[in-house]
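Engineer:
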Amino acid sequence: MFNPNYSSTSSLTVVHRSPVVIIFVTAAGNLLVCLAIARERKLQNTTNYFLMSLSIADCLVAILVMPMGMVSEVLGRFPLPHYACVIFATMDVLCCTSSIWHMSTMSMDRYFTIRFPFRYGRNKTRRIMFLKIIAVFGIV
């Protein structure tokens, strides 16, 4: 049961590095999605604009929310002053809610496209999609 040769530093290193890897992969993956849609003409359709907007929202989560969340989890407390804690909590709620709203809007858009293919499909213009994306960010 007790192992005198056991070193907890290797376990701590894994615990501290794993969230950093997750944050990096999250940000990099979402940036790659944005780049793919922006650069590839075939991917530039109204449905993928929602996907790109979701990737931007998730990238904001990875860059603004996850690092401070990781630091406060590792330390067991929030290391910065109170105003920074309020800013962090605000960004956490805004970015995560934006991501959830994007997924909900995409789901509703796909539902209406399938349910009303002739009526709804004609209304899926770039302008309307951009207005929906702006509305999602604006509501949040």
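Letter by letter, the sequence shown follows residues 765 to 904 of this note's numbering. Glycine included, C-beta positions come from ideal geometry on N, C-alpha and C. Small disclaimer: the values here were computed from a predicted structure and weren't measured.
#1: So, helix, strand or coil for K896, using DSSP?
#2: Going by the CB atoms, is the gap between V838 and F852 shorter than 9 Å?
#3: Where do the ends of the alpha helix (DSSP H) carrying I851 lie?
#4: In whole angstroms, give me the CA-to-CA distance for I897 and I786.
#5: For the region 812–822 against the region 856–872, are there 3 or more C-beta pairs whose distance is under 8 Å?
#6: Under three-state DSSP, which class holds F882?
#7: From P881, R874, R890, D856, pick the residue whose C-alpha is nearest to that of G833; which is it?
#8: Take I903 as the anchor and find which of I827, R883, T869, G840 has the nearest alpha-carbon.
#9: On the CB-based measure, 16 or more other CB atoms within 10 Å of its CB, does M893 come out buried or exposed?
#10: Quick check on T811: does DSSP put it in helix, strand or coil?
#11: So, for C798: in the same chain, excluding its five sequence neighbours on each side, which residues have a beta-carbon less than 8 Å away from its beta-carbon?
Structural biologist: From the atom records:
#1: helix
#2: no
#3: 846–879
#4: 27 Å
#5: yes
#6: coil
#7: D856
#8: T869
#9: buried
#10: helix
#11: M816, S819, I820, C823
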